[in-house]
Amino acid sequence: MSQQTLFLNAALVDGSAPEPRAGNVLVEDGVIVAVDAAPGAREGREVIDLQGRTLMPGLIDCHVHVVASMMDLAANAQLPDAMAVMRSLPILKGMLDRGFTTVRDVDVATGLGQGLA
Numbered sequence: 002m003s004q005q006t007l008f009l010n011a012a013l014v015d016g017s018a019p020e021p022r023a024g025n026v027l028v029e030d031g032v033i034v035a036v037d038a039a040p041g042a043r044e045g046r047e048v049i050d051l052q053g054r055t056l057m058p059g060l061i062d063c064h065v066h067v068v069a070s071m072m073d074l075a076a077n078a079q080l081p082d083a084m085a086v087m088r089s090l091p092i093l094k095g096m097l098d099r100g101f102t103t104v105r106d107v108d109v110a111t112g113l114g115q116g117l118a
């Protein structure tokens with residue numbers, strides 16, 4: 002059985018209009034299947050009332066240096082991979098918190114960035 006989530010009363014930002022518009026979004030098994038002004042049936046669905054909060058696609062940052070946690074790039078290159086990963090976690094979490102769901106780490110001396118983005 003599929004899992005459906007209905008997001009009600011959203012301020013939708015989808016790039017098709019200069020201003021957010023009111024609407025509802027139905028998601029089924031992690032895929033958006035409907036965007037409509039009418040909410041439709043609620044039975045059998047998880048319903049989340051956004052109360053006018055913004056709903057938008059995830060942001061993309063095409064140029065980040067997640068693993069370069071220090072300004073001294075030579076020192077960054079000397080960090081063990083495990084330490085570089087640990088230092089990158091709060092950076093990645095912060096990006097998620099700000100709405101970035103896709104990032105491209107432009108690499109560092111270790112090449113570790115290829116596996117983190």
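Count along the sequence shown starting at 1, add 1, and that's the number in my numbering. Every residue gets a Cβ at the ideal spot worked out from N, C-alpha and C, and that includes glycine. Bear in mind the structure is a predicted one, so any value in this text is a computation, not a measurement.
Taking only the alpha-carbon atoms, compute the straight-line gap between residue i and residue j and give it to the nearest angstrom.
| i | j | result |
| --- | --- | --- |
| Ala118 | Ala23 | At Ala118, the pLDDT of 44 sits below 50, so the modelled position is not reliable; the number obtained from the coordinates is stated separately. Cα to Cα, the separation comes out at about 33 Å. |
| Ala11 | Asp37 | 10 Å |
| Gln52 | His64 | 34 Å |
| Ile49 | Ala18 | 24 Å |
| Val26 | Gln5 | 10 Å |
| Pro40 | Glu47 | 12 Å |
| Thr103 | Ile92 | 13 Å |
| Gly95 | Met2 | 34 Å |
| Val28 | Ala35 | 7 Å |
| Ala76 | Val107 | 18 Å |
| Ala78 | Val32 | 40 Å |
| Met84 | Leu97 | 21 Å |
Would residue i pass as a contact of residue j if the rule is Cβ separation under 9 Å?
| i | j | result |
| --- | --- | --- |
| Leu7 | Arg43 | yes |
| Arg99 | Leu60 | yes |
| Pro81 | Thr55 | no |
| Phe101 | Asp73 | no |
I'd like to know whether the C-beta of residue i is nearer than 9 Å to at least one C-beta of chain C.
| i | result |
| --- | --- |
| Ala38 | This model lacks chain C altogether; it includes just one protein chain. |
Just to check my reading of the structure: residue i and residue j have Cβ atoms closer than 8 Å, yes? What is that Cβ distance to the nearest angstrom?
| i | j | result |
| --- | --- | --- |
| Pro58 | Asp30 | That belief does not hold up - the Cβ atoms of Pro58 and Asp30 are roughly 18 Å apart, past 8 Å. |
Is residue i close to the ligand NAP? I mean its beta-carbon at under 8 Å from any heavy atom of the ligand.
| i | result |
| --- | --- |
| Met96 | For the ligand NAP, the structure offers nothing, since it holds no ligand at all. |
Whole beta strand (DSSP E) runs in the stretch 30 to 65 with 3 or more residues, listed along the chain?
As far as the stretch 30 to 65 is concerned, its whole beta strand (DSSP E) runs of at least 3 residues are 32 to 37, 47 to 50 and 60 to 65.
With a cut-off of 8 Å, do at least 3 Cβ pairs link the stretch 61 to 70 to the stretch 79 to 96?
Flag = yes, the stretch 61 to 70 and the stretch 79 to 96 touch.
Starting from the N-terminal side, write out each stretch of the alpha helix (DSSP H) that is 4 residues or longer and does not extend beyond the stretch 77 to 112.
Within the stretch 77 to 112, the alpha helix (DSSP H) runs of at least 4 residues that lie entirely inside it are, in chain order, 82 to 98.
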